[in-house]
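Counting the sequence shown from 1 gives a position; the numbering used here is that position plus 33.
Beta carbons: idealized from backbone N, C-alpha and C, even for Gly.
Just so it is clear, the structure is predicted and the values come from calculations on it, not from any experiment.
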Amino acid sequence: MALFTTQPTTLSLPPPASRSVQWGQCATGAIAILAVVLLGTIVAQSQSVQWSEIPHYLVHPAILRGVLLTLELTAGAMIFGIILGCLLAIMATSKNIVLKAIAAGYVWWFRGVPLIVQIFLWFNVALFIPRVGIGTYSISTNDLITPALAGFLALGLHEAANMSEIIRSGLLAIDRGQQEAATALGLKPRQTFQTIILPQAARLIIPPTGNQAIGMLKASAIVSVIGMQDLLTQAQIIYARNFLVIELLFVASIWYLAITSVASIGQQYLEKTLRPGNRGAAEKPRRAKPA
Numbered sequence: 034m035a036l037f038t039t040q041p042t043t044l045s046l047p048p049p050a051s052r053s054v055q056w057g058q059c060a061t062g063a064i065a066i067l068a069v070v071l072l073g074t075i076v077a078q079s080q081s082v083q084w085s086e087i088p089h090y091l092v093h094p095a096i097l098r099g100v101l102l103t104l105e106l107t108a109g110a111m112i113f114g115i116i117l118g119c120l121l122a123i124m125a126t127s128k129n130i131v132l133k134a135i136a137a138g139y140v141w142w143f144r145g146v147p148l149i150v151q152i153f154l155w156f157n158v159a160l161f162i163p164r165v166g167i168g169t170y171s172i173s174t175n176d177l178i179t180p181a182l183a184g185f186l187a188l189g190l191h192e193a194a195n196m197s198e199i200i201r202s203g204l205l206a207i208d209r210g211q212q213e214a215a216t217a218l219g220l221k222p223r224q225t226f227q228t229i230i231l232p233q234a235a236r237l238i239i240p241p242t243g244n245q246a247i248g249m250l251k252a253s254a255i256v257s258v259i260g261m262q263d264l265l266t267q268a269q270i271i272y273a274r275n276f277l278v279i280e281l282l283f284v285a286s287i288w289y290l291a292i293t294s295v296a297s298i299g300q301q302y303l304e305k306t307l308r309p310g311n312r313g314a315a316e317k318p319r320r321a322k323p324a
């Protein structure tokens, strides 16, 4: 009787795929690094720049006052722009044709006219409105519209137009069926807006609002054209006396980069928090122990 023996078969796995070298990325990265090194070497070896003066002026009292005023102007204009932008967005999404027309006209003007033109208009408003007042009391417009107030109004009103469009688009992105379902459940329009529409729209509104705040911080440098004592203006005043133009511009740039970097980190953290996938993971159900 013949015995048949079978030898065990072995499964041969394919060799692991080796990663192909991305020569295009390597070449692009090498060129970029080389360009940065060459540019840094050229700037560092410049004999016309007194690099030792930059650390001194970074903490100069006038520069620090300019930094504080820039932060105050940015925060004030953003808060004003968000509040007025919310009102304009509500007007734009309402069923009242007059309110929608007013909101559309506002956005058309303040988004269409360049910001620097708006700053000059507010700064020179006394040319066509010499005095303002109520009844027998009046005050000179030049005394009322200071450079600080002119810069605040220009930045705040311009930002309100941008925020209005951001908020309006966020509100319109919510499915109308949810509003209809809430109405069918007996919720009032205000309750529907506060509990259903607004929480969902906030996830769409807050990220671009962070971008607007960072843009506002940089745009605040434009107020230097009307002599407002912001960061850039303080740097210009100092280098007009000591002729350290490049050094003071580097000082202003370092401060702007530092503030925007901190704001960008906060924005990324806020966006990560608002992502639906980053909510707390649901607890796994426990398996029942066998009897």
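Counting the other Cβ atoms within 10 Å of the Cβ of alanine 206 gives fewer than 16, which makes it exposed.
Rounded to whole angstroms, the separation of the alpha carbons of leucine 117 and alanine 273 is 38 Å. Contact between the stretch 191-209 and the stretch 139-146 is established, with three or more Cβ pairs separated by less than 8 Å. Leaving aside the five residues that flank alanine 285 on each side, the residues in its chain whose CB is nearer than 6 Å to its CB run, in chain order, Leu264, Leu265, Ala268.
Shown here, valine 92 sits in coil according to DSSP, grouped into three states, outside any helix or strand.
A Cβ-Cβ contact shorter than 9 Å links glutamate 280 with tyrosine 90. One Cα belongs to serine 85, the other to alanine 60, and the distance between them is close to 36 Å. Assignment of beta-bridge partners to serine 173 by DSSP yields Arg164.
Counting only residues of its own chain and dropping the five nearest sequence neighbours on each side, valine 278 has a CB closer than 6 Å to the CB of Tyr272. Annotated three-state conformation of glycine 219 is coil, per DSSP.
Ranked by Cα distance from phenylalanine 156, the options Met261, Gly166, Ala108, Arg98 are led by Met261.
Nearest Cα to isoleucine 87 within the set Val295, Phe283, Ile298, Thr306: Phe283. The continuous stretches of alpha helix (DSSP H) do not include threonine 126, and DSSP gives it neither H nor E. The continuous alpha helix (DSSP H) containing methionine 249 extends over residues 231-252. An exposed status is given to serine 127, since fewer than 16 other beta-carbon atoms sit within 10 Å of its beta-carbon.
Inter-residue distance for alanine 95 and isoleucine 230 is about 46 Å (C-alpha atoms, whole angstroms). Bounds of the alpha helix (DSSP H) holding threonine 74 are 56-77. Distance between proline 180 and valine 258, taken at the CA atoms: about 10 Å. The three-state reading of DSSP puts glutamine 227 in helix, counting H, G and I together. Under the 8 Å Cβ criterion, the stretch 244-259 counts as touching the stretch 96-107, having at least three qualifying pairs. One alpha carbon belongs to leucine 71, the other to glycine 62, and they sit about 14 Å apart.
Boundaries of the alpha helix (DSSP H) harbouring glycine 184: 180-205, taken from the DSSP string.
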